[in-house]
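First comes the structure, then the notes that go with it.
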Amino acid sequence: MRKTQIYGYYAFGFNYALLRSKLWVGPSTKREKIVELLEGFLNYLSDLDVQVSNRIAQPLVATLDKLRNSIAENLGQDLSDEIEGYLNRLDHALDAELELKYAYLMTKKRYPLESLMETPDTLLGNGVRETLADHAYRDFSFACVQIAYEQPTAAAFHLMRALEAQVKVLYYAFKKTKRLQNPMWGAIIKQLREKKNPRPSEKLLNHLDGMRLHFRNPTQHPDAFYNMDESQDLLNQTIAAISMIAAELPR
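Going by the numbering used here, the sequence shown opens with residue 5, and the numbers climb by one from there.
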């Protein structure tokens, strides 16, 4: 997948219409103007990934070279006819190929699409991003993208992976000795409750245990599916839980 501006298709169509217009392209058209139009047209063909049309249009590259090397002020009849002939060959192929192109537009979410897709760290409070383990932030980022793409169950899965990773960060920050060999969420909460001070607050431990019981465990179930409202609710709760962890980590 790659990000493409819709404007590119509009600009390509406008450029092509000018090349096909007798009012714009003819023997008396300024050579520099035709060079500019052809360069834009061929660049758009490549950028918009219309491979068949791009192949058919390749003879226009040689025409463009002729124009660049010419000292004539205007296009002239021969080159005008040459360009028209190549565009005539291209017309049907271009129509057919563009009919196979689709644009999938993202619908509005509760969170800004730019934040979900490009800058998920802006959804976190000041200093919170720096407390996240690398794999926790990757999972958090993946979850945000999945919400943008309307894949709510996948988003929930990644959110719970991100939060569980941060639960482990909390555990290792407070538990320095006699650590669990394979620390799991439930066992971590149990050990931290039994630990003498310093330890996380009871409020945080209760909150994280609730997230485990009500979201993490059910999300693991093969029959669990989330809708968009539920996944966005869970994103909000995960952000809150991650922020609470960040606030209690030893400085």
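C-beta: ideal position from N, C-alpha, C; glycine also.
query: Please tell me whether Arg-114 and Asp-143 are closer than 8 Å, where the distance is taken between their beta carbons.; result: no
query: Enumerate in chain order the residues of its own chain whose CB-to-CB distance from Leu-22 is below 8 Å, with the five nearest sequence positions on each side excluded.; result: Trp-28, Val-29 and Leu-41
query: Can you look up Asn-92 in the DSSP assignment and give me helix, strand or coil?; result: helix
query: Do you know how far the Cα of Ser-205 is from the Cα of Ile-151?; result: 31 Å
query: Would you kindly check if the distance between the Cβ of Tyr-230 and the Cβ of Thr-111 is under 8 Å?; result: no
query: In angstroms with no decimal places, state the Cα-to-Cα distance between Glu-77 and Thr-67.; result: 16 Å
query: Near Arg-197, which residues of its chain fall below 7 Å by C-beta distance, leaving aside the five closest residues on each side in sequence?; result: Leu-209
query: Starting from Ile-60, follow the alpha helix (DSSP H) in both directions and report where the run begins and ends.; result: 55–60
query: Any idea if Asn-92 is buried or exposed, counting beta-carbon neighbours within 10 angstroms, 16 or more meaning buried?; result: exposed
query: What whole-angstrom Cβ distance do Arg-203 and Phe-219 have, given they're in contact under 8 Å?; result: Not really, about 23 Å apart at Cβ, beyond 8 Å.
query: Ser-25 lies in the alpha helix (DSSP H); which residues open and close that run?; result: From DSSP, Ser-25 is part of no alpha helix (DSSP H); its letter is neither H nor E.
query: What residue ranges within the segment 197–237 form continuous alpha helix (DSSP H) runs of no fewer than 4 residues, ordered along the chain?; result: 206–215
query: So what's Lys-70 in DSSP terms, helix, strand or just coil?; result: helix
query: According to DSSP, what are the bridge partners of Asn-78?; result: Lys-34
query: Spatial neighbours of Ile-249 within its chain, please: CB distance less than 6 Å, with the 5 preceding and 5 following residues excluded, ordered by chain position.; result: Gln-170 and Leu-174
query: Residues in its own chain within less than 7 Å of Tyr-13 by CB, not counting five upstream and five downstream?; result: Leu-52
query: Would you kindly work out how many angstroms separate the C-alpha atoms of Ser-247 and Leu-128, rounded to a whole number?; result: 7 Å
query: Quick check on Arg-255: buried or exposed, where buried means 16 or more other Cβ atoms within 10 Å of its Cβ?; result: exposed
query: Alpha carbon to alpha carbon, how far is Gln-241 from Glu-234?; result: 10 Å
query: Whose C-beta lies closer than 7 Å to the C-beta of Ile-60 among residues of the same chain, with five residues either side of it excluded?; result: Arg-93, Leu-94 and Ala-97
query: Scan the segment 82–147 and note each continuous alpha helix (DSSP H) run of 4 residues or more that stays entirely inside, going in chain order.; result: 117–121
query: Less than 8 Å between the C-beta atoms of Tyr-90 and Leu-71, yes or no?; result: no
query: Rounding to the nearest angstrom, what Cα-Cα distance links Gln-185 and Ser-145 in this structure?; result: 28 Å
query: Cutting at 7 Å between CB atoms, please list the residues of its own chain near Arg-35, excluding the five before and the five after it.; result: Leu-71, Ser-74, Ala-76, Glu-77, Asn-78 and Leu-79
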